[in-house]
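S.K.: There's a structure below that I have some questions on.
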Amino acid sequence: MKKFVLSGGDSKQKTTMVRYRSLLNEQQFRAVFHESGPALVIAGAGTGKTRTLVYRVARLVESGCDPSSITLLTFTRRAADEMMQRAAAVLDERCQRIRGGTFHHYCSQLLHQYAEHIGYPGNFTILDSSDAMECIQLIRSRAGLDTKKKRFPKKSTLYSIFSSAVNRQMDIQEVLEADYPQFISLGEEIAGIEQGYRKYKEDNHVMDFDDLLLKTSGLLSESDEVRRKVASSNLHLLVDEYQDTNALQAELTRQLSSEHGNVMAVGDDAQSIYSFRGADLENMLRFPELFPGTEIIRLEENYRSTQQILTLANTLLEKAARKFEKNLYTKRGEGDLPGLVKAADMHDQSRFISQMILNIREQGLQLSDIAVLFRNGRDSFDLEVMLNQKEIPYIKFGGQKFTEAAHVKDVLAHLRLMVNPRDFISWNRVLMLIDGIGPKTAEDLYQWVTRSADPYSPGRAPDLSGRYLTQLKALGELFAKLRQLDGSVTEQLRAVVEYYALFCRKRYDDHPKRMKDLESFIDISGKYRTLEELIELLALDPVDSTAVETEASQNEEPPLVLSTIHSAKGLEWDTVFVIQCLDGILPSGYAIEDSGQMDEELRLMYVAVTRARERLFITYPALFQSRYGDYFSNPSRFLEGISENALEPWLLVEEHQKPLLESANNNGGNQL
DNA sequence: TCTTACCCAGTTTTT
DNA sequence: CTGGGTAAGA
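Our numbering puts the first residue of the first sequence at 220, with every later residue one more than the last.
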């Protein structure tokens with residue numbers, strides 16, 4: 220028997236209830252029992268990263284650490300909740316009391332508490348990206364730049380520029396030089412819009428996503444008193460998915476852990492897929508510089524996937540321009556070879572997947588053990604139609620968010636005004652629903668309403684035309700009712716939906732479907748305790764559009780998962796289909812010129828294949844159908860030159876009496 | 001001032 | 001197929 224001398228252990232662990240040593244490997248154990256000071260855990264896909272964090276939380280709590288002094292920052296709120304639950308299962312429900320969430324969520328809570336230190340009221344509301352772009356458009360057109368110069372960047376480009384500047388801690392000119400050379404000469408005008416946008420946010424008591432991080436960091440650097448207070452409350456700070464953090468988040472990590480210095484970051488440089496949001500995998504590699512004395516722990520043994528899947532994943536990573544020192548291995552047994560399925564067109568691809576899913580379910584697997592992954596939200600539309608036909612229940616993550624639909628935004632705007640009556644774009648939305656009110660009247664009313672002692676009686680404004688007076692009074696009555704119903708979110712929402720039904724019918728041909736959405740919304744609103752919470756959480760953690768229906772209808776069978784690869788981060792399934800693996804889609808056509816971006820697309824593919832435990836299928840259609848016509852398409856260049864011993868070609872055969880699917884080592888035939 | 005009708009362009013990933 | 005912009009009519 221081999222002996223291994225463990226360092227860093229102490230007498231406490233001997234009395235623990237949880238038998239950590241038998242549940243963890245040596246590296247995991249080291250991370251879980253890391254005592255104090257900074258640590259960086261570099262963990263390959265499927266190496267038990269989440270498990271390590273879960274056990275670390277349990278171990279800290281078990282050793283007497285106050286749960287509320289532990290903060291766990293994760294990439295999504297879903298991930299945080301799941302980890303807290305798992306930790307509670309390992310130890311006890313004290314683990315639910317640790318603080319967990321995303322950077323944005325954590326910062327938002329701090330800001331509500333300390334907003335007055337930076338000149339904001341505590342009731343500020345959050346702009347999601349489409350709200351933010353609407354504001355930018357407003358400033359842009361007021362500046363008169365939209366008509367004079369055709370070349371001036373659009374609102375979405377402006378938003379990306381501003382966001383890059385914040386997240387990468389650069390100034391506007393630097394961002395332009397790095398990423399938008401065509402707009403360098405417009406630097407001053409763009410900076411002017413940015414100033415106008417900033418002033419707008421202050422005047423309206425709103426913040427966008429980036430402000431949440433930026434203003435928290437500013438607060439902590441300006442007020443040493445607040446910094447000390449906040450940082451003292453973080454005895455232990457754990458940050459997950461560190462490879463997808465940006466410069467600003469790194470700075471926040473430093474500030475939040477600046478009193479106790481107990482910070483552990485966990486991540487995998489090979490899974491960095493959020494550079495479009497300012498994330499930089501160098502951030503993780505620089506962690507030891509930012510935190511001197513960092514202990515580095517590497518998790519390398521994979522517990523998730525079969526060796527066949529890992530071999531394919533390793534092969535993919537070798538194609539990166541910038542190499543990774545990664546080689547995943549497992550002690551798990553061998554499994555099936557991953558399959559490469561060439562379908563004639565999208566429709567046949569969907570047929571293959573839905574039939575295969577039904578086969579697998581026959582074999583006794585739950586639908587929820589299967590996932591279909593894709594690059595873009597719309598890549599699953601064709602499949603979704605077929606799943607609906609075959610009545611296979613599914614839930615889709617990524618793509619269109621529930622709160623982005625116009626009718627949901629309309630309803631939310633009314634509620635947002637109850638929390639923050641200075642929010643101009645919400646007033647605009649609410650007022651312009653009314654017949655006869657356009658931008659000018661809405662603006663005038665906003666001016667009056669924000670100066671008035673009672674902003675909730677727009678019907679009392681002077682010089683109102685009879686055309687819309689009664690409607691404005693009805694709006695005032697709605698506000699009065701909402702105030703009366705304070706305390707019951709569901710009833711408040713119901714009141715707005717009742718008021719809105721009329722407008723919905725007039726505006727949209729498909730109003731029955733939209734009203735049904737809103738009814739489902741009412742059904743799930745019970746989980747929010749206050750209006751503030753509902754608005755805040757929906758902005759910070761928008762619900763995926765199919766999730767609302769699924770949640771509201773309480774399906775008997777756990778559904779199949781459809782997800783963008785980005786949203787599948789950190790998750791795993793028994794069987795995974797990666798669909799639409801076409802050159803121009805994965806990798807995206809936008810990335811092809813830039814080797815850095817191409818590497819990120821490759822990592823995306825890597826993330827997709829490493830989600831699978833047992834079975835993996837990569838599929839693509841030979842014929843790509845687009846609006847402008849059909850053309851033959853090529854499989855992803857990432858699949859080029861991969862041996863048939865690593866990725867087995869499948870041939871789809873149209874059935875007559877034979878079984879539909881046959882495995883075949885024949886790459887040539889593609890006829891159905 | 002507001003609404004409607006029309007044309008043109010562009011279409012990733014998410015807190 | 002949608003969003004954004006323009007122009008004409010109410």
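Beta carbons: idealized from backbone N, C-alpha and C, even for Gly. Since this is a predicted model, take the numbers as computed values, not measurements.
Per DSSP, which residues does MET565 bridge with? Please list them.
M.R.: For the purposes of this step, residue 565 is taken as the residue at position 346 of the first sequence. DSSP lists no partner for MET565.
S.K.: Decide if GLU776 is buried, meaning its Cβ has at least 16 other Cβ atoms within 10 Å, or exposed.
M.R.: Working through the first sequence from its first residue, we reach residue 776 at position 557. By the 10 Å Cβ count, GLU776 comes out exposed.
S.K.: Please name the residue or residues paired with GLY558 in a DSSP beta bridge.
M.R.: Taking the first residue of the first sequence as position 1, residue 558 is located at position 339. DSSP, once it has assigned bridges, lists PHE836 and GLU867 as partnering GLY558.
S.K.: Return the CA-CA distance between ASP564 and TYR839, expressed in angstroms with no decimal places.
M.R.: To locate residue 564, count along the first sequence from 1; it is residue 345. To locate residue 839, count along the first sequence from 1; it is residue 620. If I take the Cα positions, the gap works out to 8 Å.
S.K.: For ASN342, which of helix, strand or coil comes out of DSSP?
M.R.: By 1-based counting over the first sequence, the position of residue 342 is 123. ASN342: coil per DSSP, three-state reduction.
S.K.: Where does ILE167 sit, in a helix, a strand or coil, going by DSSP?
M.R.: Given a span of 220 to 891 for the chain in the structure shown, any question on residue 167 remains unanswerable.
S.K.: I need the boundaries of the beta strand (DSSP E) containing THR783, first residue and last residue.
M.R.: Position 564 of the first sequence, counted from the first residue, corresponds to residue 783. Element bounds for THR783: 779 to 783.
S.K.: Output the boundary residues of the alpha helix (DSSP H) element that contains ILE754.
M.R.: Residue numbering aside, residue 754 sits at position 535 when the first sequence is read from its first letter. From DSSP, the alpha helix (DSSP H) with ILE754 extends over 750 to 759.
S.K.: Thinking ALA308 and VAL276 are a contact (beta carbons under 8 Å), I'd like their distance in whole angstroms, please.
M.R.: Walking along the first sequence from the start, residue 308 turns up at place 89. Walking along the first sequence from the start, residue 276 turns up at place 57. Not a contact, Cβ separation roughly 11 Å.
S.K.: Give the DSSP bridge partners of MET426, in chain order.
M.R.: As a working note, residue 426 is residue 207 in the first sequence. Partner(s): ILE345.
S.K.: Quick one: what does DSSP say PRO854 is sitting in, helix, strand or coil?
M.R.: Position 635 of the first sequence, counted from the first residue, corresponds to residue 854. In this structure, PRO854 counts as strand in the three-state DSSP scheme.
S.K.: What is the DSSP secondary structure of LYS545, reduced to helix, strand or coil?
M.R.: Your numbering for residue 545 matches position 326 in the first sequence. Of the three classes helix, strand and coil, the one that applies to LYS545 here is coil, per DSSP.
S.K.: Could you tell me which of THR271, PHE843, LEU500 and GLU245 sits nearest to MET483, measuring between CA atoms?
M.R.: Taking the first sequence and counting its residues from 1, the one referred to as residue 483 is at position 264. Considering only alpha carbons, the answer is THR271.
S.K.: At the level of alpha carbons, what is the spacing between TRP869 and ASN386?
M.R.: On the first sequence, residue 869 is found 650 positions in, with the first residue counted as 1. On the first sequence, residue 386 is found 167 positions in, with the first residue counted as 1. Distance between the alpha carbons of TRP869 and ASN386: 44 Å.
S.K.: Using three-state DSSP, classify SER807 as helix, strand or coil.
M.R.: For the purposes of this step, residue 807 is taken as the residue at position 588 of the first sequence. If DSSP states are grouped into helix, strand and coil, SER807 belongs with the strands.
S.K.: Among the residues of its own chain, which have a CB less than 6 Å from the CB of ARG686, if the five just before and after it don't count?
M.R.: The residue you call residue 686 lines up with position 467 of the first sequence. Cβ within range, chain order: GLY655.
S.K.: Would you kindly work out how many angstroms separate the C-alpha atoms of SER786 and ASP663, rounded to a whole number?
M.R.: On the first sequence, position 567 is the one that residue 786 refers to. On the first sequence, position 444 is the one that residue 663 refers to. In a straight line, the C-alpha of SER786 is about 42 Å away from that of ASP663.
S.K.: Taking 8 Å as the threshold (C-beta atoms), are ALA258 and GLU514 in contact?
M.R.: Here residue 514 corresponds to residue number 295 of the first sequence, with the count starting at 1. Here residue 258 corresponds to residue number 39 of the first sequence, with the count starting at 1. Going by C-beta atoms, GLU514 is nearer than 8 Å to ALA258.
S.K.: Give me the DSSP bridge partner(s) of TRP792.
M.R.: Position 573 of the first sequence holds residue 792. Its beta-bridge partners are ALA831.
S.K.: So what's TYR399 in DSSP terms, helix, strand or just coil?
M.R.: Here residue 399 refers to the residue found at position 180 when the first sequence is read from its first residue. In the structure shown, TYR399 sits in coil (DSSP, three-state: anything other than H, G, I, E or B).
S.K.: Using the Cβ count rule (16 or more neighbours within 10 Å means buried), how would you classify ASN521?
M.R.: On the first sequence, position 302 is the one that residue 521 refers to. Looking at its Cβ environment, which holds 16 or more other Cβ atoms inside 10 Å, ASN521 is buried.
S.K.: Give me the Cα-Cα distance between MET426 and LYS420, rounded to the nearest whole angstrom.
M.R.: Position 207 of the first sequence, counted from the first residue, corresponds to residue 426. Position 201 of the first sequence, counted from the first residue, corresponds to residue 420. Going by the C-alpha atoms only, they are around 6 Å apart.
S.K.: So what's THR464 in DSSP terms, helix, strand or just coil?
M.R.: Within the first sequence, the letter at position 245 stands for residue 464. Reduced to three states, the DSSP call for THR464 is coil.
S.K.: Over the uninterrupted alpha helix (DSSP H) stretch that includes HIS633, give me the two end residues.
M.R.: If you number the first sequence from 1, residue 633 lands on position 414. Its alpha helix (DSSP H) spans residues 625 to 638.
S.K.: So, LEU432 versus CYS326, is the Cβ gap smaller than 8 Å?
M.R.: The residue you call residue 432 lines up with position 213 of the first sequence. The residue you call residue 326 lines up with position 107 of the first sequence. Against a cut-off of 8 Å, the Cβ pair of CYS326 and LEU432 comes out as a contact.
S.K.: Can you tell me which of the three DSSP states VAL716 falls into?
M.R.: Here residue 716 refers to the residue found at position 497 when the first sequence is read from its first residue. Helix at VAL716.
S.K.: Per DSSP, ASP285 forms a beta bridge with which residues?
M.R.: Start at 1 with the first residue of the first sequence, and residue 285 comes out as number 66. According to DSSP, ASP285 bridges with nothing at all.
S.K.: Excluding the five sequence neighbours on either side, which residues of its own chain have a C-beta within less than 7 Å of the C-beta of PRO677, listed in chain order?
M.R.: The residue labelled residue 677 in the question sits at position 458 within the first sequence. Counting only Cβ-Cβ distances below 7 Å, and skipping sequence neighbours, we find LEU664, VAL668, LEU691, LEU694 and GLY695.
S.K.: Cα-Cα, which of ARG733, THR290, LYS561 and LEU602 is closest to SER451?
M.R.: Looking up residue 451 in the first sequence gives position 232. Selected option, being the one with the closest Cα: THR290.
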